[in-house]
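Chains as they are written, first to last, in our numbering: chain A, 12 to 125; chain B, 164 to 276. All remarks here apply to the structure that follows.
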Amino acid sequence: DTGVSQDPRHKITKRGQNVTFRCDPISEHNRLYWYRQTLGQGPEFLTYFQNEAQLEKSRLLSDRFSAERPKGSFSTLEIQRTEQGDSAMYLCASSDGVGTGELFFGEGSRLTVL
Amino acid sequence: QKEVEQDPGPLSVPEGAIVSLNCTYSNSAFQYFMWYRQYSRKGPELLMYTYSSGNKEDGRFTAQVDKSSKYISLFIRDSQPSDSATYLCAMSDRLYGNNRLAFGKGNQVVVIP
C-alpha cells in the first residue's frame, strides 16, 4: 500500500497523559500536513511541513501540541497533558506540490480522552 | 463568520435522484475549489477540483464555481447507494507552498436503494 499511513488508528487515554501519533506520507511527497476533525465538523488545519521544515502552524496548535518531521519523511504529532477537548480525529495528508497540489489524506488517528 | 459555510444537514435521496450540495465562502482570495468525499471512519478523498469560476464535469459529478457570488456547488446525477458518504467542500488561496485548505462542515448523503 503506497498511500498515507497513520498509526495508531485509535488511541484511548486518560486526561493528563501524553500521546503521540505517527504519519508516513507517500514516499515522494515533500509536503506534509496535519489536520484535526471533530464530530460533525470539517477538518481544520493544524500545521504544515515542507521537507523537514515546519513552515506554518495554526493558532489551534497550542503549546501542548508539537509536531516534527526530523528527516523529511515520517512525521509525529505529540499532545502533552491531554484534555477532553483534544478528542478528535487527527488526519495527516501529503502532497507533491505539483499539478493540482492534491492533498492525499490518511485514514486518521482517532483520539478519545477520558 | 467562518471562512467556509456548508449547511451540514443530512440528505436522504432515492437511488437515481440528483443530489445538489453547495457552500458559500467569505474569503475572496480563494482561487482553488475542491469537493472531497469521506466515507465513515476514513480520510477524505478528492472528488472534484476546480480553479476559479466555471463548471467542471466528471462522469456523474458536476462542480460549479461562481466567484462573484462566492458560491460553489456539486451535483451528483443518477445517484447510487455507493455515493452514500459525507461530502466536504474545501478551498484554498495557494496552490503551491502551503496548500492550506479551509473546509466546510460536510453534508452526509444517504442514497436509498
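Beta carbons are placed, not taken as given, at the ideal position from N, Cα and C, and that holds for glycine. Quantities reported herein were computed from a predicted structural model and do not represent experimental measurements.
So with Cβ pairs under 8 Å, would you call Thr4 (chain A) a contact of chain B?
-> Here chain A comprises residues numbered 12 to 125, so residue 4 (chain A) is not present and cannot be evaluated.
Which two residues bound the contiguous beta strand (DSSP E) that contains Lys68 (chain A)?
-> 64-68
Compile a chain-ordered list of the residues in the stretch 236-268 of chain B whose CB is closer than 7 Å to at least one CB of chain A.
-> Leu251, Leu258, Tyr259, Asn261, Asn262, Arg263, Leu264, Phe266, Gly267, Lys268
For the beta strand (DSSP E) that contains Phe196 (chain B), what are its first and last residues?
-> 195-201
Cα separation between Tyr212 (chain B) and Thr13 (chain A)?
-> 22 Å
Which of the three DSSP states, helix, strand or coil, is assigned to Ser175 (chain B)?
-> strand
May I ask you to verify whether the stretch 198-218 of chain B touches the stretch 248-265 of chain B, counting CB pairs closer than 8 Å and requiring at least 3?
-> yes
Run the proximity test for Ala64 (chain A): is its beta-carbon closer than 7 Å to any non-hydrogen atom belonging to the ligand SAH?
-> In the structure on display, the ligand SAH does not appear, and there are no ligands present to speak of.
Which of the residues in the stretch 32-58 of chain A, read from start to end, lie with their CB under 7 Å from any CB of chain B?
-> Gly51, Gln52, Gly53, Pro54, Phe56
Between A:Asp97, A:Tyr44, A:Ala104, which lies nearest to Asp74 (chain A) when the distance is taken from Cα to Cα?
-> A:Asp97
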